[in-house]
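Residue numbers (our numbering): 1 to 159. Every residue, glycine too, gets a C-beta built ideally from N, C-alpha and C. Take a look at the structure set out below.
Here it is, written out as structure tokens:
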């Protein structure tokens with residue numbers, strides 16, 4: 001069973017710069033359209049622009065992960081602070097496989113990378129050893145060694 005925790009962000013079609021805070025995308029819709037057969041549950045942790053995620057929000061995520069009966073946790077997250085959340089969770093000594101995923105293009109746009117990233121993250125989650133990872137655009141990164149390159153809109157290993 002995969003436990004999906006949603007936090008908002010572009011993957012859910014939330015556009016904070018244009019004051020659209022009502023999700024236009026439901027992660028469940030992406031999974032249904034892809035005919036995902038792996039059992040999963042979806043829980044909304046919060047819905048925020050990742051630039052507004054606080055230490056308290058990360059503690060909420062941590063508590064949800066600790067109390068989850070699943071050992072496979074997928075977190076949908078905005079890309080601006082995904083690396084900070086991954087690093088925070090990686091320091092907690094959790095014996096679960098945790099993958100953070102997001103998108104660079106609004107989830108409701110025709111050319112969005114959201115469905116691909118979500119599917120890739122779900123597949124990766126099932127194959128990875130316990131730890132914290134970021135899965136974006138066909139690449140899996142260790143959560144403690146990833147950074148977002150704002151100029152290229154890609155994640156990469158820290159130098």
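Run through DSSP, which three-state label would residue 85 get? helix
Would you be able to state if there are at least three C-beta pairs under 8 Å between the stretch 86 to 94 and the stretch 102 to 121? Because the criterion of three Cβ pairs below 8 Å is not met, the stretch 102 to 121 and the stretch 86 to 94 do not touch.
Would you list, in sequence order, the uninterrupted alpha helix (DSSP H) runs of no fewer than 4 residues that lie entirely inside the stretch 15 to 75? 27 to 33, 55 to 67
Where does residue 109 fall in DSSP's three states? coil
Separation of residue 57 from residue 3, as counted between CA atoms: 18 Å
So, does the stretch 5 to 12 touch the stretch 28 to 46, judging by three or more C-beta pairs under 8 Å? Contact between the stretch 5 to 12 and the stretch 28 to 46 is present, with at least three C-beta pairs closer than 8 Å.
Just list the residues that DSSP pairs residue 142 with in beta bridges. 133
Nearest to residue 137 (by Cα), restricted to the options 84, 79, 94: 79
Does any C-beta atom of chain B lie closer than 8 Å to the C-beta of residue 149? The structure shown has no chain B; it contains just one protein chain.
State the start and end residues of the unbroken alpha helix (DSSP H) segment that holds residue 122. Residue 122 -> alpha helix (DSSP H) spans 114 to 127.
Leaving out five residues on either side along the sequence, give the residues of the same chain with a beta carbon under 6 Å from the beta carbon of residue 34. If we look at residue 34 and ignore the five residues flanking it on each side, its Cβ neighbours are 119.
Residues that DSSP places opposite residue 149 in a beta bridge: 154
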